[in-house]
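J.:
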Amino acid sequence: MVKTPLLLFAALVIALGILASLSPAPDRVTDRDIYEATAARRIVPDCTDLHCFRVLVAWTLGALPGSSDLKWKGYAVFCNAAAAIALFQLCLTFGLSRRAAWLASTMSAFGFGSLYTLHDPYTSDPLMYALGPVLTNELVRDRVARAGAIGAIGVLAKEFAAVPFFMFAVYSAFEKRWTAAARCLAAGNFVCLVWLVLQLTLMLRFNYGYGDSTSTHLLSGGAVGPWFAQQSHRGALSAVFNEYGAVYLLAPVGFLFGPRPLCRLTIAAAPIAALFAYVQQPDRALWNFHFLALPLAAIVLDRAPSALGWLTVSAFALANVRIGAQLSIAPAARFALGCSVLLAIASVVMAVRDGRMTATPHPVSA
Numbered sequence: 556m557v558k559t560p561l562l563l564f565a566a567l568v569i570a571l572g573i574l575a576s577l578s579p580a581p582d583r584v585t586d587r588d589i590y591e592a593t594a595a596r597r598i599v600p601d602c603t604d605l606h607c608f609r610v611l612v613a614w615t616l617g618a619l620p621g622s623s624d625l626k627w628k629g630y631a632v633f634c635n636a637a638a639a640i641a642l643f644q645l646c647l648t649f650g651l652s653r654r655a656a657w658l659a660s661t662m663s664a665f666g667f668g669s670l671y672t673l674h675d676p677y678t679s680d681p682l683m684y685a686l687g688p689v690l691t692n693e694l695v696r697d698r699v700a701r702a703g704a705i706g707a708i709g710v711l712a713k714e715f716a717a718v719p720f721f722m723f724a725v726y727s728a729f730e731k732r733w734t735a736a737a738r739c740l741a742a743g744n745f746v747c748l749v750w751l752v753l754q755l756t757l758m759l760r761f762n763y764g765y766g767d768s769t770s771t772h773l774l775s776g777g778a779v780g781p782w783f784a785q786q787s788h789r790g791a792l793s794a795v796f797n798e799y800g801a802v803y804l805l806a807p808v809g810f811l812f813g814p815r816p817l818c819r820l821t822i823a824a825a826p827i828a829a830l831f832a833y834v835q836q837p838d839r840a841l842w843n844f845h846f847l848a849l850p851l852a853a854i855v856l857d858r859a860p861s862a863l864g865w866l867t868v869s870a871f872a873l874a875n876v877r878i879g880a881q882l883s884i885a886p887a888a889r890f891a892l893g894c895s896v897l898l899a900i901a902s903v904v905m906a907v908r909d910g911r912m913t914a915t916p917h918p919v920s921a
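Each residue of the sequence shown is one higher than the one before, counting from 556 in the working numbering.
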């Protein structure tokens with residue numbers, strides 16, 4: 556059992572490493588300068604950007620030898636591979652089959668959000684993509700203290716590390732498990748307290764600030780308002796659709812027949828996902844919740860014929876090599892994306908006809 560995740564991790568590191576090495580440098584302004592300054596100097600007095608406060612990854616990579624590009628791309632590769640492995644285990648914890656776990660983990664590794672961070676690795680997002688399924692798995696297994704310790708460290712990289720605790724608290728309330736809800740809420744508050752102490756320390760001692768970050772303008776459109784204003788409605792809708800592509804068709808069907816914990820956690824996460832889409836770019840923010848959407852999609856693909864399921868995942872991955880990793884050697888995004896959507900429709904039809912849509916329960920080991 557241990558060999559499978561290790562072999563999968565090694566294979567993903569190699570595959571993602573190749574894609575990262577081929578992905579071109581972004582042709583737009585990124586947050587690279589802020590993260591590199593934080594990595595080199597640790598504290599950047601008078602820093603006025605939201606990313607100044609996301610210190611964990613920069614401090615860690617700054618202590619390692621090697622070129623900046625190598626370290627940051629290596630970090631993105633490692634975290635996205637780890638996210639896929641964590642999702643594999645989470646699927647088994649939810650009671651999905653091993654085939655469904657393989658499908659979901661492959662989509663995680665080669666999804667838009669993951670591959671885009673290979674193109675632009677100067678962000679805390681890859682770590683959050685890994686922590687989402689890791690923390691959720693710990694909470695499902697009732698390891699709240701361990702999850703709290705992990706979250707308290709992860710929140711130094713980005714505030715999303717607190718989200719699974721509140722999501723799980725709401726889920727526990729749905730189930731009328733009030734003690735579990737209170738424990739998760741307490742753990743989430745502890746993680747938020749760590750985050751708040753970091754914010755106040757950097758602000759009061761080193762004069763950090765959020766500057767003109769649109770994410771802090773909660774009453775005037777957050778980040779989504781300016782984001783929509785900078786492009787056409789068609790462009791905005793296209794960007795949001797490209798983030799999950801065929802998963803938008805698969806996940807709702809999987810939700811109808813998925814295991815109760817997964818479905819209720821998805822409901823609990825919905826308002827939080829909407830908030831993150833409001834305060835961040837929605838075409839990137841929503842991938843933080845891949846650990847819920849992809850297992851739902853995998854439930855459908857698992858019930859379709861094996862060849863059809865893997866063809867759908869392959870087309871999905873190929874589209875994201877173009878859209879996410881920005882590799883010009885990949886087929887045109889419209890072609891690959893269109894193929895994945897058509898294959899997803901076929902998978903839904905075949906899975907519904909199959910009549911075995913309920914996920915097979917598996918014991919959750921402690």
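Glycine residues also receive a C-beta, built at the ideal position from the N, C-alpha and C atoms.
Hey, quick one: how far does the alpha helix (DSSP H) through residue 849 stretch, first residue to last?
T.: Here the question's residue 849 lines up with position 294 in the sequence shown. Looking at the DSSP string, the run of the alpha helix (DSSP H) that includes residue 849 is 845-858.
J.: Quick check on the DSSP output: the alpha helix (DSSP H) that includes residue 841 runs from which residue to which?
T.: Residue mapping note: residue 841 aligns to position 286 of the sequence shown, counting from 1. No alpha helix (DSSP H) holds residue 841; DSSP gives it neither H nor E.
J.: Which parts of the stretch 652-710 are runs of the beta strand (DSSP E), unbroken and 3 residues or longer, counting only runs that do not cross its ends?
T.: Listed in chain order, nothing qualifies, since the stretch 652-710 has no complete beta strand (DSSP E) run of 3 or more residues.
J.: Measuring alpha carbon to alpha carbon, tell me which of 597, 847 and 616 ends up nearest residue 607.
T.: Here residue 607 is taken as the residue at index 52 of the sequence shown, counted from 1. Selected option, being the one with the closest Cα: 597.
J.: On a Cα-Cα basis, can you pick out the residue from 865, 881, 893 and 890 that is closest to residue 662?
T.: Along the sequence shown, one-based indexing puts residue 662 at 107. For the residues 865, 881, 893 and 890, the minimum Cα distance to residue 662 belongs to 865.
J.: Grab me the residues of residue 722's own chain with a C-beta within less than 7 Å of its C-beta, minus the 5 sequence neighbours each way, in chain order.
T.: Taking the sequence shown and counting its residues from 1, one reaches residue 722 at position 167. Excluding sequence neighbours, residue 722 sits near 820, 823, 824 and 827.
J.: Report buried or exposed for residue 584, applying the criterion of at least 16 other Cβ atoms within 10 angstroms of its Cβ.
T.: For the purposes of this step, residue 584 is taken as the residue at position 29 of the sequence shown. Looking at its Cβ environment, which holds fewer than 16 other Cβ atoms inside 10 Å, residue 584 is exposed.
J.: The alpha helix (DSSP H) spanning residue 603 covers which residue range?
T.: The sequence position of residue 603 within the sequence shown is 48, counting from 1. It is not in any alpha helix (DSSP H) - residue 603 carries neither H nor E in the DSSP assignment.
J.: Is residue 878 buried or exposed, if buried means 16 or more other CB atoms sit within 10 Å of its CB?
T.: The sequence position of residue 878 within the sequence shown is 323, counting from 1. Residue 878 comes out buried.
J.: According to the neighbour-count rule (16 or more other Cβ atoms, all chains shown, within 10 Å of its Cβ), is residue 731 buried or exposed?
T.: Position 176 of the sequence shown, counting from 1, holds the residue named residue 731. With fewer than 16 other Cβ atoms within 10 Å, it is exposed.
J.: Pop quiz: residue 766 and residue 603 are said to be a contact at Cβ under 8 Å. What is the actual Cβ separation, rounded to whole angstroms?
T.: As a position in the sequence shown, residue 766 is number 211, starting the count at 1. As a position in the sequence shown, residue 603 is number 48, starting the count at 1. Yes, they are in contact, since the Cβ atoms of residue 766 and residue 603 sit about 4 Å apart, within 8 Å.
J.: Do residue 841 and residue 798 have their beta-carbon atoms positioned less than 9 Å apart in this structure?
T.: Working through the sequence shown from its first residue, we reach residue 798 at position 243. Working through the sequence shown from its first residue, we reach residue 841 at position 286. Cβ distance < 9 Å, so residue 798 and residue 841 count as in contact.
J.: Under a three-way DSSP split, which group does residue 629 fall into?
T.: Here residue 629 refers to the residue found at position 74 of the sequence shown. Helix.
J.: Alpha carbon to alpha carbon, how far is residue 726 from residue 816?
T.: Here the question's residue 726 lines up with position 171 in the sequence shown. Here the question's residue 816 lines up with position 261 in the sequence shown. Distance between the alpha carbons of residue 726 and residue 816 is about 8 Å.
J.: In terms of DSSP beta bridges, what is residue 764 paired with?
T.: Looking up residue 764 in the sequence shown gives position 209. 603.
J.: Are the beta-carbon atoms of residue 669 and residue 716 separated by less than 9 Å?
T.: By 1-based counting over the sequence shown, the position of residue 669 is 114. By 1-based counting over the sequence shown, the position of residue 716 is 161. Not a contact, by the Cβ cut-off of 9 Å.
J.: Taking only three categories from DSSP, how would you classify residue 785?
T.: As a first step, residue 785 is located in the sequence shown; it is residue number 230 there, counting from the start. Residue state, collapsed to three classes: coil.
J.: Taking residue 630 as the reference, which of 660, 641, 595 and 680 has the closest Cα?
T.: By 1-based counting over the sequence shown, the position of residue 630 is 75. With distances taken between Cα atoms, residue 630 lies closest to 680.
J.: Tell me, to the nearest whole angstrom, how far the beta carbon of residue 688 is from that of residue 641; I am working on the premise that it is less than 8 Å.
T.: Within the sequence shown, numbered from 1, the residue matching residue 688 stands at position 133. Within the sequence shown, numbered from 1, the residue matching residue 641 stands at position 86. Between residue 641 and residue 688 the Cβ distance is about 4 Å, and since that is below 8 Å, they are a contact.
J.: Roughly how many whole angstroms lie between the Cα atoms of residue 620 and residue 648?
T.: Working through the sequence shown from its first residue, we reach residue 620 at position 65. Working through the sequence shown from its first residue, we reach residue 648 at position 93. About 37 Å.
J.: If I measure Cβ to Cβ from residue 581 and keep anything under 6 Å in the same chain, skipping five residues before and after, which residues do I get?
T.: One-based indexing of the sequence shown puts residue 581 at position 26. Cβ within range, chain order: 675.
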